[in-house]
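Protein chains: 2
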Amino acid sequence: MIHGAGDIRIETVPDATIKDATDALVKVTSACICGSDLWPYKSMEASEHGNRIGHEFIGLVEAVGGEVTKIKIGDLVVAPFGYSDGTCEFCHEGLQTSCVHGGWWATGDVDGGQGEAVRVPWADGTLVPLPVGEDDALMPSLLTLSDVMGTGHHAALVARVAPGKRVAVVGDGAVGLCGVIAAKRLGAEQIIILGRHPQRTSLAQEFGATDVVAERGDEAVERVRELTDGSGVHSVLECVGLGESIETAIKIARPGGAVGRVGVPQDAAIPGSRQAFRSNVSVGGGPAPVRAYIEELMPDVLEGRIEPGRVFDRTIALDAVPDGYRAMNDREAIKVLIDF
Amino acid sequence: MIHGAGDIRIETVPDATIKDATDALVKVTSACICGSDLWPYKSMEASEHGNRIGHEFIGLVEAVGGEVTKIKIGDLVVAPFGYSDGTCEFCHEGLQTSCVHGGWWATGDVDGGQGEAVRVPWADGTLVPLPVGEDDALMPSLLTLSDVMGTGHHAALVARVAPGKRVAVVGDGAVGLCGVIAAKRLGAEQIIILGRHPQRTSLAQEFGATDVVAERGDEAVERVRELTDGSGVHSVLECVGLGESIETAIKIARPGGAVGRVGVPQDAAIPGSRQAFRSNVSVGGGPAPVRAYIEELMPDVLEGRIEPGRVFDRTIALDAVPDGYRAMNDREAIKVLIDF
Numbered sequence: 071m072i073h074g075a076g077d078i079r080i081e082t083v084p085d086a087t088i089k090d091a092t093d094a095l096v097k098v099t100s101a102c103i104c105g106s107d108l109w110p111y112k113s114m115e116a117s118e119h120g121n122r123i124g125h126e127f128i129g130l131v132e133a134v135g136g137e138v139t140k141i142k143i144g145d146l147v148v149a150p151f152g153y154s155d156g157t158c159e160f161c162h163e164g165l166q167t168s169c170v171h172g173g174w175w176a177t178g179d180v181d182g183g184q185g186e187a188v189r190v191p192w193a194d195g196t197l198v199p200l201p202v203g204e205d206d207a208l209m210p211s212l213l214t215l216s217d218v219m220g221t222g223h224h225a226a227l228v229a230r231v232a233p234g235k236r237v238a239v240v241g242d243g244a245v246g247l248c249g250v251i252a253a254k255r256l257g258a259e260q261i262i263i264l265g266r267h268p269q270r271t272s273l274a275q276e277f278g279a280t281d282v283v284a285e286r287g288d289e290a291v292e293r294v295r296e297l298t299d300g301s302g303v304h305s306v307l308e309c310v311g312l313g314e315s316i317e318t319a320i321k322i323a324r325p326g327g328a329v330g331r332v333g334v335p336q337d338a339a340i341p342g343s344r345q346a347f348r349s350n351v352s353v354g355g356g357p358a359p360v361r362a363y364i365e366e367l368m369p370d371v372l373e374g375r376i377e378p379g380r381v382f383d384r385t386i387a388l389d390a391v392p393d394g395y396r397a398m399n400d401r402e403a404i405k406v407l408i409d410f
Numbered sequence: 071m072i073h074g075a076g077d078i079r080i081e082t083v084p085d086a087t088i089k090d091a092t093d094a095l096v097k098v099t100s101a102c103i104c105g106s107d108l109w110p111y112k113s114m115e116a117s118e119h120g121n122r123i124g125h126e127f128i129g130l131v132e133a134v135g136g137e138v139t140k141i142k143i144g145d146l147v148v149a150p151f152g153y154s155d156g157t158c159e160f161c162h163e164g165l166q167t168s169c170v171h172g173g174w175w176a177t178g179d180v181d182g183g184q185g186e187a188v189r190v191p192w193a194d195g196t197l198v199p200l201p202v203g204e205d206d207a208l209m210p211s212l213l214t215l216s217d218v219m220g221t222g223h224h225a226a227l228v229a230r231v232a233p234g235k236r237v238a239v240v241g242d243g244a245v246g247l248c249g250v251i252a253a254k255r256l257g258a259e260q261i262i263i264l265g266r267h268p269q270r271t272s273l274a275q276e277f278g279a280t281d282v283v284a285e286r287g288d289e290a291v292e293r294v295r296e297l298t299d300g301s302g303v304h305s306v307l308e309c310v311g312l313g314e315s316i317e318t319a320i321k322i323a324r325p326g327g328a329v330g331r332v333g334v335p336q337d338a339a340i341p342g343s344r345q346a347f348r349s350n351v352s353v354g355g356g357p358a359p360v361r362a363y364i365e366e367l368m369p370d371v372l373e374g375r376i377e378p379g380r381v382f383d384r385t386i387a388l389d390a391v392p393d394g395y396r397a398m399n400d401r402e403a404i405k406v407l408i409d410f
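Quick note, the sequences are listed as chains A and B, same order. The first sequence begins at 71 in the working numbering and counts up one residue at a time. The second sequence begins at 71 in the working numbering and counts up one residue at a time.
Rendered as structure tokens:
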């Protein structure tokens with residue numbers, strides 16, 4: 071539960087139960103803390119009752135409602151960071167984050183993902199069974215399919231990464247690092263990571279980044295131009311969400327290039343309108359429909375071609391979650407896995 | 071020449087001549103006034119010496135430099151609204167508006183298009199010969215290939231118009247009207263024109279618009295939603311450039327949709343960042359590389375499948391150009407053709 075900025079508490083809440091016939095009840099086996107959880111951790115107003123929190127988890131199905139047909143009791147499943155019915159026009163188009171019956175964990179009467187059990191609405195549309203046991207060594211990488219790996223992949227798709235393209239990734243958090251993996255996987259020729267944390271940018275290089283730019287703002291723009299024969303990159307993955315980072319993303323894009331933004335925007339407007347227009351640079355992106363990407367990315371995880379689980383550099387038990395938030399917020403940890 | 075807001079004058083300037091070996095000298099036979107010429111006409115500070123103006127013209131080639139090989143003396147040619155070398159990487163990619171040697175009419179020592187003759191830099195890259203004579207009845211439609219028809223087409227491509235899609239066009243000026251033609255040509259199923267000038271929206275309907283929305287702002291958003299089963303349109307062609315029109319464009323886009331903007335942006339930021347993000351709506355566009363589209367669109371003009379020349383509702387001689395600006399600025403005329 072989060073009760074306000076910096077105030078994460080472990081509390082006993084009513085047991086999750088099946089409410090609707092399309093629900094499943096999932097006993098969480100692993101979960102994690104997201105960079106986007108740090109926004110309320112930094113800024114939420116104090117609240118007496120507090121809110122649930124967490125939106126990434128893997129778990130065992132313990133019960134299903136009468137209308138659930140695909141998901142079975144005993145399945146080990148991964149949940150995307152939003153739930154979706156799997157049947158509406160947007161789900162059919164692969165944009166489950168705009169599902170007409172969809173929604174988000176830890177909102178309304180829906181459980182948060184950082185807890186022992188979760189009632190999952192629209193279980194057949196939402197959950198994806200895993201073909202391995204809960205003690206499998208690949209569990210950290212499979213857990214990233216619930217958000218950060220699919221989110222990095224989304225940024226790369228929106229930024230139109232393709233074989234031979236020059237790519238920049240703005241932000242060296244877990245999503246940015248997964249963006250590097252996604253860009254490499256899609257065939258990028260050059261991958262520039264913009265970040266200033268050596269431990270993170272080193273990992274980015276192991277994932278396939280060819281260049282590191284530690285500068286920010288106009289210095290970063292100049293440095294990227296130097297690295298790209300003066301023209302900028304075809305594709306920019308914006309994995310921060312601040313005005314400055316979006317403006318940098320637009321400025322380092324090559325004419326005709328594309329910015330795929332997945333960092334939750336903290337401002338009401340997109341800066342750099344005239345710059346983007348002059349260069350015919352498009353700005354797209356949003357909440358990643360990770361549900362659409364799980365089946366595509368999972369074989370690469372299972373066969374060891376990508377290792378997004380390496381973004382986890384700390385594993386904790388449930389009672390250490392408050393300290394896990396502190397560690398991520400203090401940049402002591404890139405991403406924290408909660409092992410139940 | 072423009073000397074300031076509202077101050078257009080006919081003046082005698084030095085004769086256009088060949089300066090570089092890649093130049094051509096074109097005697098203008100027809101030109102026109104653009105909606106974007108109205109921005110300086112509304113707001114330019116008074117200037118003693120004045121600036122050239124105009125960027126859309128057709129004319130006869132009277133002389134060519136020593137390195138011009140494709141364009142011949144006597145050719146009737148259409149000029150795109152920018153010049154480009156035709157050989158750089160951006161020209162090869164079809165983004166001639168970012169040509170490394172390119173530029174704009176009426177800037178620096180480059181002549182404006184609203185004049186009797188123009189020195190054309192990079193003639194082989196810039197000009198496209200027309201297979202008809204200067205008195206051909208199709209001349210108005212061919213003249214739109216210099217800007218507005220190609221610009222509407224660009225908006226439609228960036229907005230990802232395709233067969234069966236729902237489309238909205240924001241703005242009922244000449245570019246918006248050509249956007250309707252482009253959307254229809256690309257197979258759109260529904261085309262909603264947002265505009266409040268009955269004469270213009272009627273023409274839009276003749277061009278293929280299926281619905282007219284005269285409201286603005288949130289009322290326009292509501293009306294478009296009513297017309298689209300509540301979801302909005304797949305593709306929005308933004309043909310105005312004001313903050314309000316861009317925000318409307320984002321709000322009427324369906325989740326996962328695309329906004330193609332070709333209205334020159336009048337503000338430094340793009341509003342509606344969070345709305346666009348939430349719905350995964352992309353915002354792209356910029357100066358249209360009309361040079362890339364002339365060969366594709368010309369057969370449709372020559373064979374009568376599209377009639378973009380109908381956006382011209384007034385034809386004047388050179389000495390009436392000041393009044394032509396006034397008429398367009400007062401919305402008496404949609405677009406004014408100058409017959410030399």
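Glycine is no exception: its CB is placed at the ideal position from the N, C-alpha and C atoms.
Endpoints, the beta strand (DSSP E) within which residue i is located
| i | result |
| --- | --- |
| A/V351 | Neither: A/V351 is in no beta strand (DSSP E) and is coded neither H nor E. |
| B/T99 | A94 to C102 |
| B/V188 | A187 to V190 |
| A/H73 | I72 to G74 |
| B/I340 | A339 to P341 |
Bounding residues of the alpha helix (DSSP H) (the contiguous stretch that carries residue i)
| i | result |
| --- | --- |
| B/P392 | V391 to N399 |
| B/D242 | Counting along the chain, B/D242 falls outside any alpha helix (DSSP H), and DSSP gives it neither H nor E. |
| B/V371 | V360 to L372 |
| B/P150 | Element bounds for B/P150: n/a, residue is neither H nor E. |
| B/P201 | Taken as a continuous stretch (DSSP letters only), B/P201 belongs to no alpha helix (DSSP H), as it is neither H nor E. |
| A/H162 | E159 to H162 |
| A/H224 | V218 to V228 |
| B/P233 | No alpha helix (DSSP H) contains B/P233, which DSSP labels as neither H nor E. |
Cβ neighbours of residue i in the same chain (closer than 8 Å, five flanking residues each side left out)
| i | result |
| --- | --- |
| B/G173 | G152, Y153, V180 and P191 |
| A/I80 | M71, L388, D389, V391 and P392 |
| A/I364 | V148, P150, V198, L215 and G220 |
| A/V291 | T318, K321 and I322 |
| B/V138 | A91, T92, D93, A94, A193 and D194 |
Sequence-distant residues of the same chain with beta carbon closer than 7 Å to residue i, five excluded per side
| i | result |
| --- | --- |
| A/N350 | P325 and G326 |
| A/G164 | P359 and A362 |
| A/S106 | V334 |
Residue i - partner residues in DSSP beta bridges
| i | result |
| --- | --- |
| B/E418 | Only positions 71 to 410 of chain B appear in this structure, which leaves residue 418 of chain B out of reach. |
| A/F382 | A/K405 |
| A/G264 | According to the sequence as given, residue 264 of chain A is Leu; it is not Gly. BP columns for A/L264 point to A/V240 and A/V283. |
| B/I88 | Per DSSP, none; premise fails for B/I88. |
| A/A133 | A/L95 |
| B/P325 | Per DSSP, none; premise fails for B/P325. |
| B/I316 | None, per the DSSP bridge assignment. |
Residues of its chain near residue i, where Cβ-Cβ distance is below 6 Å and the 5 sequence neighbours each way are ignored
| i | result |
| --- | --- |
| B/I251 | F277, I376 and P378 |
| A/D281 | I262 and L297 |
| A/E259 | G234 |
| A/E204 | T99 and L146 |
| A/G195 | S154, D155 and G156 |
| B/H125 | F151, W175 and G183 |
| B/G222 | V245, C248, G249 and A252 |
Neighbour-count burial assignment, residue i, 16 or more Cβ in a 10 Å radius
| i | result |
| --- | --- |
| A/A253 | buried |
| B/E308 | buried |
| B/K235 | buried |
| A/D217 | buried |
| A/Q184 | buried |
| B/K142 | exposed |
| A/H162 | exposed |
| B/Q166 | buried |
| B/R266 | exposed |
beta-carbon residue i near the ligand ATP non-hydrogen atom, thresh 7 Å
| i | result |
| --- | --- |
| B/V245 | Among the components modelled here there is no ligand, and therefore nothing to report on the ligand ATP. |
message = At a CB distance below 7 Å, what residues from the segment 231-246 of chain A approach chain B? Give them in sequence order.
response = The segment 231-246 of chain A vs chain B, Cβ under 7 Å: nothing.
ask   = Using a Cβ cut-off of 8 Å, which residues of the segment 329-358 of chain A contact any Cβ in chain B, in chain order?
value = Residues R331, V334, P335, D337, A338, A339, I340, P341, G342, S343, R344, A346, F347, R348, S349, N350, V351, S352, V353, G354, G355, G356 and P357.
ask   = Residues in the segment 94-108 of chain B with C-beta within 9 Å of chain A's C-beta atoms, listed in sequence order?
value = Cβ contacts with chain A: none found.
request  = Could you name the residues of the segment 185-215 of chain A whose beta carbon sits closer than 9 Å to any beta carbon of chain B, in the order they occur along the chain?
outcome  = Among the residues of the segment 185-215 of chain A, none has a Cβ less than 9 Å away from any Cβ of chain B.
request  = Give the residues from the segment 267-285 of chain B that approach chain A closer than 9 Å (Cβ to any Cβ), ordered along the chain.
outcome  = Within the segment 267-285 of chain B, no residue qualifies.
key: Members of the segment 299-318 of chain B near chain A, C-beta cut-off 7 Å   = Across the segment 299-318 of chain B, no CB contact with chain A closer than 7 Å is found for any residue.
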